[in-house]
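Comments concern the structure below.
Residue numbers (this note's numbering): 786 to 1017.
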């Protein structure tokens, strides 16, 4: 079965939850020009952004978004267990107590709490950005991926999956477009997009028309090597 590893999870948030986030964002006085990896370049990305992680007034909103993303992540890992198996060569004790390698079949029967614990052990959430793209001018037309080696701490190289949650759909166009997969994802209020971060999933955000576009977006990252391999 062919796959492009782009998954859409409808109803990740209810419409009223999305509308509340949009109202709170519109009322915020802390929005900043949207940045790309090298800074503010409106010819590449034209938006008004707010990083809500760490802001006390956004704590409940951040928790709500991270819970929605985590629920979808577990579904993603059920379908693509290699997202953890391939890079990490996971092991667990067998019936005799000896370590054995996990394979894809293990994920099919894995209880939900066990899978959740495994996901938390291997992965961590990124900081959430809310983004506001104005009708007819906003957008992220530059073809880009989410992995790049610019920061000295290599934090951006720990990004494993990207996600975007669409907070409204009362506009035309404004799709998330993937270059090599030849897919345009039409925003639907409350739907959540998850996809890999590497160049294979180069993408762009097309300009909305006849209405502003609002999204929440971030990444799912690997845990640091110090945490993953502590004691090894």
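Think of the CB as a built atom: it goes at the ideal place given N, C-alpha and C, for glycine as much as any other residue.
Just to check my reading of the structure: residue i and residue j have Cβ atoms closer than 8 Å, yes? What is that Cβ distance to the nearest angstrom?
| i | j | result |
| --- | --- | --- |
| residue 835 | residue 810 | 6 Å |
| residue 874 | residue 886 | 7 Å |
| residue 911 | residue 1003 | 4 Å |
| residue 971 | residue 962 | At roughly 10 Å, the Cβ-Cβ gap does not stay under 8 Å, so residue 971 and residue 962 are not in contact. |
Tell me which same chain residues have a C-beta within less than 6 Å of the C-beta of residue i, skipping the five on either side of it?
| i | result |
| --- | --- |
| residue 794 | 857, 977 |
| residue 833 | 816, 917 |
| residue 876 | 884, 886 |
Please name the residue in the options whose C-alpha comes closest to that of residue i.
| i | options | result |
| --- | --- | --- |
| residue 802 | 827, 846, 813, 892 | 846 |
| residue 946 | 1006, 866, 875 | 1006 |
| residue 792 | 921, 861, 819, 852 | 861 |
| residue 865 | 904, 917, 953 | 904 |
| residue 955 | 961, 949, 962, 973 | 973 |
| residue 922 | 896, 831, 914, 859 | 831 |
| residue 788 | 827, 994, 1015, 980 | 980 |
| residue 863 | 943, 890, 970, 915 | 890 |
| residue 872 | 839, 944, 897, 841 | 944 |
| residue 897 | 859, 996, 868 | 859 |
| residue 941 | 909, 818, 915 | 909 |
| residue 964 | 915, 983, 975 | 983 |
| residue 924 | 1014, 997, 932 | 997 |
| residue 907 | 870, 935, 937, 938 | 870 |
| residue 975 | 961, 841, 995, 950 | 950 |
| residue 842 | 812, 936, 893 | 812 |
Would residue i and residue j be called neighbours here (beta carbons separated by less than 7 Å)?
| i | j | result |
| --- | --- | --- |
| residue 966 | residue 991 | no |
| residue 999 | residue 948 | no |
| residue 952 | residue 807 | yes |
| residue 913 | residue 816 | no |
| residue 827 | residue 920 | no |
| residue 915 | residue 1001 | yes |
CB-CB under 7 Å to residue i, same chain, minus the five flanking residues each way: which ones, in chain order?
| i | result |
| --- | --- |
| residue 838 | 847, 912, 913 |
Leaving out the 5 sequence neighbours to the left and right, which residues in its chain are closer than 8 Å to residue i when beta-carbon positions are compared?
| i | result |
| --- | --- |
| residue 796 | 975, 976 |
Is the region 979-990 in contact with the region 927-943, if contact means three or more CB pairs nearer than 8 Å? Counting C-beta pairs with one atom in each stretch, the region 979-990 and the region 927-943 have three or more that are closer than 8 Å, which means they touch.
Is it true that the region 877-886 meets the region 818-834, where meeting means three or more beta-carbon pairs spaced less than 8 Å apart? Too few Cβ pairs lie closer than 8 Å, so no.
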